[in-house]
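Working notes, structure below.
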């Protein structure tokens, strides 16, 4: 049995009054990847669970989490697992999947106990589901690649869409990651919101002395959080979610909410940002 840290939903009026420590306590997530441990954070934004599992020399089992109020973790949930480490294994029920770094496993509702082993560093995202979709391993060559940006704007990048209607069927979880080219540092700018869905980011592929300044808040009330390697952040539906790093980096994005339309965005004009 694993317990999850709970993060309650914060409205935008309250959020703009918070200082740095208070902002971090509500939205920043650190220490997800400790060897021999499964760490979970239960967000009240669309009930998304964000976590990490590093099995090391043993096997880690994810079966029941009290916060869900169900007899099994995946009884009424679906899950996505991204491996940001070396090759590892994820066993779902009686079937095992080998994940290389950069690959994502989609696990459908009702799939049973999940076990982690091998040299992987597994990033976990789970959202409530109302129907079961087939479990599927999505390799990098299976993902939809979307090149965007330019060197001139320091945002040259490739978006890899994994759990996405064009690639894999899911109930409500949408998930993938973005890799910035060398010399590019900006992500998701111009910024947007999507009030129908919350989002979470995991920043990775950073060295210890590199940081990303993650921008959040309403377009007229922006705030920032300083993010290190393998730090995650919760983005409320009313908040922008963009940032700039001291060097290039990668970030995993995931969404849960009313639809799975990746392009459903309310753009924030650059002139309206404050």
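In my numbering, the protein residues as written are 235 to 508.
For glycine and all other residues, C-beta sits at the position ideal for the given N, C-alpha and C.
CB contact flag (residue i, residue j, <7 angstroms)
| i | j | result |
| --- | --- | --- |
| residue 356 | residue 317 | yes |
| residue 409 | residue 314 | yes |
| residue 391 | residue 337 | no |
| residue 484 | residue 450 | no |
| residue 239 | residue 275 | yes |
| residue 243 | residue 279 | yes |
| residue 296 | residue 307 | yes |
| residue 340 | residue 402 | yes |
| residue 445 | residue 467 | no |
| residue 437 | residue 487 | no |
| residue 327 | residue 345 | yes |
Closest Cα partner of residue i within the set the options
| i | options | result |
| --- | --- | --- |
| residue 320 | 332, 478, 444, 274 | 332 |
| residue 419 | 404, 403, 310, 386 | 386 |
| residue 284 | 328, 261, 494 | 261 |
| residue 489 | 427, 237, 302 | 427 |
| residue 422 | 303, 326, 502 | 502 |
| residue 354 | 302, 270, 457 | 270 |
| residue 281 | 250, 241, 476, 273 | 241 |
| residue 512 | 447, 286, 252 | In the structure as shown, the chain begins at 235 and stops at 508. Residue 512 is therefore absent and cannot be evaluated. |
| residue 325 | 347, 430, 340 | 347 |
| residue 371 | 259, 384, 506, 329 | 329 |
| residue 254 | 291, 398, 457, 462 | 457 |
| residue 518 | 251, 497, 496, 235 | With the chain covering only 235 through 508, there is no way to say anything about residue 518. |
| residue 478 | 496, 440, 277 | 440 |
| residue 360 | 395, 404, 375 | 404 |
| residue 471 | 397, 277, 447 | 277 |
| residue 398 | 259, 292, 496 | 496 |
Coarse secondary structure for residue i, derived from DSSP in three states
| i | result |
| --- | --- |
| residue 347 | coil |
| residue 465 | strand |
| residue 252 | coil |
| residue 237 | coil |
| residue 260 | helix |
| residue 501 | strand |
| residue 362 | strand |
| residue 433 | strand |
| residue 246 | helix |
| residue 295 | strand |
| residue 452 | coil |
| residue 312 | strand |
| residue 375 | helix |
| residue 412 | strand |
| residue 444 | coil |
| residue 422 | coil |
For residue j and residue i, believed in contact at Cβ under 8 angstroms, the rounded distance
| i | j | result |
| --- | --- | --- |
| residue 204 | residue 351 | Since the first residue of the chain shown is 235 and the last is 508, residue 204 is not available in this structure. |
| residue 494 | residue 406 | 6 angstroms |
| residue 432 | residue 476 | The Cβ separation is near 15 angstroms, so there is no contact. |
| residue 194 | residue 430 | With the chain represented from 235 up to 508, any question about residue 194 goes unanswered, as that position is not in the structure. |
| residue 246 | residue 464 | Wrong, their Cβ atoms sit about 28 angstroms apart, outside the cutoff. |
| residue 425 | residue 482 | At roughly 19 angstroms, the Cβ-Cβ gap does not stay under 8 angstroms, so residue 425 and residue 482 are not in contact. |
Close-in-space but distant-in-sequence residues of the same chain around residue i (CB under 7 angstroms, 5 per side omitted)
| i | result |
| --- | --- |
| residue 342 | 312, 366, 367, 368, 369 |
| residue 393 | 380, 382, 410, 412 |
| residue 499 | 426, 428 |
| residue 257 | 457, 459 |
| residue 400 | 378 |
Below-7 angstroms beta-carbon distance, residue i vs any chain C residue
| i | result |
| --- | --- |
| residue 318 | Going by chain labels, chain C is absent from the structure shown, which holds only one protein chain. |
Close Cβ partners of residue i (< 6 angstroms) along its chain, the five nearest in sequence each way excluded
| i | result |
| --- | --- |
| residue 454 | 508 |
| residue 264 | 465 |
| residue 289 | 350, 351 |
| residue 388 | 418, 419, 420 |
| residue 480 | 444, 445 |
| residue 215 | The shown model of the chain, from 235 to 508, leaves out residue 215, and the question about it has no answer. |
| residue 273 | 266, 285, 286 |
| residue 504 | 424 |
| residue 448 | 459, 461, 467, 477 |
8 angstroms Cβ shell around residue i - same chain, five flanking residues per side excluded
| i | result |
| --- | --- |
| residue 506 | 453, 454 |
| residue 292 | 270, 351 |
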